[in-house]
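Structure record follows, encoded as structure tokens.
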Amino acid sequence: MDERQPVSSLEEPQRDESVAAETPSFLPRTGPNNFLSKHRMAAAITQLQSQISYIQEELDQLDTFGESSIVCKELVSGVESIPDPLLPSTQGPVNASWDRWFKGNQNSRRRWI
């Protein structure tokens, strides 16, 4: 009599040793009649074709743009001509008492902690 042990859903059922030696368990089963592998390959090819067409459209758009150096020069000249409202317009400090906040520690022995 064959005594069969119950197989849990997590365990892989026992197979013939010759079949197990031919196909490793970590590789997906693909064969000439496997519809799922054909479908996956077709889906991958379709995805690659859509990516190629998207990149081709971007390249075509880049051909219609002007040179970037001209645009960059216009941008730099426009930014440099307008003064920054957050930066002071004077060269030196307006109020000398504000300088104490930006200087380093004058007395290294005195600590605030």
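In terms of the UniProt record's numbering, the sequence shown opens at residue 1 and continues consecutively. Cβ atoms here follow ideal geometry from the backbone N, Cα and C, with glycine treated the same way. Here the structure is a predicted model, which is why all the values come from computation and not from measurement.
In this structure, how does DSSP classify residue i when only helix, strand and coil are distinguished?
{"i": "F35", "result": "helix"}
{"i": "residue 114", "result": "The requested residue 114 is not part of the displayed model; the chain covers only 1 to 113."}
{"i": "L75", "result": "helix"}
{"i": "I70", "result": "helix"}
{"i": "I82", "result": "coil"}
{"i": "L48", "result": "helix"}
{"i": "L62", "result": "helix"}
For residue i, which residues from the same chain have a beta carbon less than 7 Å from its beta carbon, with the 5 sequence-adjacent residues on both sides left out?
{"i": "I82", "result": "none"}
{"i": "L48", "result": "none"}
{"i": "M1", "result": "Reliability of the predicted coordinates at M1 is poor, the pLDDT of 49 falling under 50, and no value is obtained from them."}
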